[in-house]
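Visitor:
Chains as they are written, first to last, in my numbering: chain A, 3 to 271; chain B, 35 to 325.
This is the structure in structure tokens:
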């Protein structure tokens, strides 16, 4: 157990030191500064726009972080063949996977807390400069939206772990993760289209089966996107949080477990 | 001068050149910018897919783009064509698919559909979507009520929606009174004036306030003439043949001037109309083009 935790901590430190992280933070800070000025362009719903842009910046920065740094951390070991050093150590491969994963999670968590705090500044200032009586913004839901974004990023980390345990270069796992992200963001809409009868589009049974497959197997990332709710202060029932969190936990755990299983069976050239 | 200074001088020279040509480049852009096409509108499901998790930002961007297009036209003193307005409306339909809780798309969609295009039922359909989404907002049921009363001549429907609006949080306190007046079938002109005063009080934009003032002026004059007709009827038992008859009967001193440039006249059954129909010439032309 201590092996896992110390590996997690090492992974976290490696991530923090990564220069790409620094670049992503600078970009996010710039985006927040721009948000403050951009809100002037909008007529009345300023706080909504500020919240919208802030959440988008957090989402996007988090995504960049996870995709570029995350794929790097694990695949680097494989690329540089330092993996040999790892597997010859008294740490099992499963422990290695879990440790790496937890390190990534910690990295994400700390970064999002930092970004989240800064992101609330443009929103706060927008609220000060123009009091729109019909604005329905709510800080609680805003924070919950950030929490859900963190959960989504952790889920994506687990997918990276999974892909990294079966691919041989960091580039392939990078591409696969990006593709999974895009599919995951849209598969719910695709599934929804099956229920809506559109005259212009005819869906063959094969296509319908494929859409359903993609919906069940790939993660439903849209479930973690609470931007609309946060920006307009729309509350959700507690049942939603329960079921979505369970879904998140199970999917993440499946990915990490499958990843460690596959890692165990792997032959290294 | 050692060779080390070479690159520095080159840089200074290049930057100077950049500063010098910039205004000329800017000027050359002006005719091209005004040629800007309106921008493509993709079907809503496609935009939803492309936006991934960024729907709210894309919705804001699309609305800003549409608004800026119109702002640009106003700046160049070009009037918006009916095609432009239709484009704007199609934009709005996509935007509310992406984020159904944004306020401004419904607001402007209604303004254009009801006042400019005369499509009152479509305006109400749009407002209904906004009202269903923004349950904390009293404005949209209020606008539906107004459209029903003023454009569709449905006082009862208007009063119903005003009552719905009155029940929403932070609703203005005059709403129940207005609703009651509509239910009471008080005169249409009086109710219209009451509505307008409510709008005028609530409006923050000075230009729109001015428009309300012009309309209020016209309606007050209309009301004056209507009351004069009633007085005439009581006195003589007949409907006056013209507005001049009211002056001759000593009920009014002179004919009020229609701020929209038309002339007030009396119809056969004694109601007062104006040749301008309470619209400036430009506005009417737009509606006619579309019909």
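In this text, a Cβ means the ideal position worked out from N, Cα and C, and glycines have one as well.
#1: For residue 247 of chain B, which residues of its own chain have a beta-carbon under 8 Å away from its beta-carbon, when the five flanking residues on both sides are left out?
#2: Could you work out which residue in A:208, A:205 and A:191 is closest to residue 221 of chain A when comparing CA atoms only?
#3: When the Cα of residue 136 of chain A is compared with those of B:194, B:187, B:136 and B:161, which residue comes out closest?
#4: Ordered along the chain, which non-local residues of its own chain (more than five positions away) have a Cβ less than 6 Å from that of residue 237 of chain B?
#5: What does the alpha-carbon distance come out to for the pair residue 325 of chain B and residue 161 of chain B?
#6: Going along chain A, which residues have a C-beta under 9 Å from residue 207 of chain B?
#7: Could you give the DSSP three-state label for residue 152 of chain A: helix, strand or coil?
#8: Report the neighbours of residue 79 of chain B on chain A: residues whose CB is nearer than 8 Å to its CB, in chain order.
#9: Of all Cβ atoms in chain A, is any one closer than 9 Å to the Cβ of residue 175 of chain B?
#10: Check whether the region 139 to 155 of chain B and the region 222 to 237 of chain A touch, using three or more Cβ-Cβ pairs below 8 Å as the test.
#11: Taking the continuous beta strand (DSSP E) assigned at residue 68 of chain A, which residues delimit it?
#12: For residue 170 of chain B, go through chain A and note every residue whose CB falls closer than 7 Å to its CB, in chain order.
#13: Check for me: the beta strand (DSSP E) holding residue 299 of chain B runs from which residue to which?
#14: Counting only beta-carbon atoms, is residue 36 of chain A nearer than 9 Å to chain B?
#15: Leaving aside the five residues before and after residue 164 of chain A along the sequence, list all residues of the same chain whose C-beta is less than 7 Å from its C-beta, in chain order.
#16: Just grab the DSSP bridge partners of residue 307 of chain B for me.
#17: Let me see if you follow: with CB-CB separation under 9 Å, is residue 103 of chain B close to chain A or not?
#18: Check whether the Cβ of residue 117 of chain B lies closer than 9 Å to any Cβ atom in chain A.
#19: Could you check whether the region 173 to 188 of chain A touches the region 76 to 87 of chain B, counting it as contact only if at least three pairs of C-beta atoms, one from each stretch, sit closer than 8 Å?
#20: With distances taken Cα to Cα, identify the nearest neighbour of residue 131 of chain B among B:163, B:190 and B:49.
#21: Is residue 52 of chain B buried or exposed, if buried means 16 or more other CB atoms sit within 10 Å of its CB?
#22: Taking the alpha carbon of residue 76 of chain B as the point to measure from, which residue in B:298, B:92 and B:259 has its own alpha carbon closest?
#23: Would you give the residue range spanned by the alpha helix (DSSP H) that residue 29 of chain A belongs to?
#24: Find the residues of chain A that neighbour residue 82 of chain B, judging by a C-beta separation of less than 7 Å, and give them in chain order.
#25: Is the region 286 to 296 of chain B in contact with the region 252 to 260 of chain B, if contact means three or more CB pairs nearer than 8 Å?
#26: Taking the alpha helix (DSSP H) that residue 170 of chain B falls in, what are its first and last residues?
#27: Measuring only the C-alpha atoms, how far is residue 156 of chain B from residue 249 of chain B?
#28: When the distance is taken between beta carbons, is residue 126 of chain B closer than 9 Å to residue 95 of chain B?
#29: Spatial neighbours of residue 158 of chain B within its chain, please: C-beta separation below 6 Å, excluding the five flanking residues on both sides.
#30: Quick one, which of A:154, A:116 and A:69 has its alpha-carbon nearest residue 172 of chain A's?
#31: Only counting the same chain, and skipping five residues up and downstream in sequence, which positions put a Cβ closer than 8 Å to that of residue 226 of chain A?
Guide: A quick look at the data gives this:
#1: Counting only residues of its own chain and dropping the five nearest sequence neighbours on each side, residue 247 of chain B has a CB closer than 8 Å to the CB of 234.
#2: Nearest to residue 221 of chain A by alpha-carbon distance, out of A:208, A:205 and A:191, is A:191.
#3: Cα-wise, what sits closest to residue 136 of chain A is B:136.
#4: Cβ-Cβ distances below 6 Å link residue 237 of chain B to 243 in the same chain, with the five nearest sequence neighbours on each side left out; the list follows chain order.
#5: Low confidence applies here, because residue 325 of chain B scores a pLDDT of 41, under 50, leaving its location unreliable; read the following figure in that light. Inter-residue distance for residue 325 of chain B and residue 161 of chain B is about 22 Å (C-alpha atoms, whole angstroms).
#6: Correct list: empty, because the minimum Cβ distance to chain A is about 14 Å.
#7: In the three-state DSSP reduction, residue 152 of chain A falls in the helix class (H, G or I).
#8: Within 8 Å Cβ-Cβ: 191 and 195.
#9: For residue 175 of chain B, no CB of chain A lies under 9 Å from its own CB, so it is not counted at the interface with that chain.
#10: In this structure the region 139 to 155 of chain B does not lie against the region 222 to 237 of chain A, because fewer than three pairs of beta carbons, one per stretch, are closer than 8 Å.
#11: Premise fails: residue 68 of chain A is in no beta strand (DSSP E) and is neither H nor E.
#12: Annotation: Cβ neighbours of residue 170 of chain B in chain A (cutoff 7 Å, chain order): 138.
#13: Its beta strand (DSSP E) spans residues 298 to 300.
#14: So no, residue 36 of chain A is outside the interface.
#15: Around residue 164 of chain A: 257, 260 and 261.
#16: Its beta-bridge partners are B:299.
#17: Closer than 9 Å: no.
#18: No, residue 117 of chain B lies away from the interface with chain A (no Cβ there is under 9 Å from its Cβ).
#19: Flag = yes, the region 173 to 188 of chain A and the region 76 to 87 of chain B touch.
#20: Ranking the options by Cα distance to residue 131 of chain B, first place goes to B:163.
#21: Residue 52 of chain B is exposed by the Cβ-count criterion.
#22: Minimum Cα-Cα distance from residue 76 of chain B among the listed residues B:298, B:92 and B:259 corresponds to B:92.
#23: Counted as a single uninterrupted DSSP element, the alpha helix (DSSP H) harbouring residue 29 of chain A occupies residues 21 to 40.
#24: By Cβ distance, chain A contributes 191.
#25: With the rule of 3 Cβ pairs closer than 8 Å, the region 286 to 296 of chain B counts as touching the region 252 to 260 of chain B.
#26: Here residue 170 of chain B belongs to no alpha helix (DSSP H), and DSSP marks it neither H nor E.
#27: In this structure, the alpha-carbon of residue 156 of chain B lies about 24 Å from that of residue 249 of chain B.
#28: In this structure, residue 95 of chain B sits away from residue 126 of chain B, with a CB-CB distance that is not shorter than 9 Å.
#29: 178 and 181, listed in sequence order.
#30: Checking every option, the nearest Cα to that of residue 172 of chain A belongs to A:69.
#31: In the same chain as residue 226 of chain A, and ignoring 5 residues on each side of it, the C-beta atoms closer than 8 Å to its own belong to 150, 151, 153, 154, 157, 246 and 250, in chain order.
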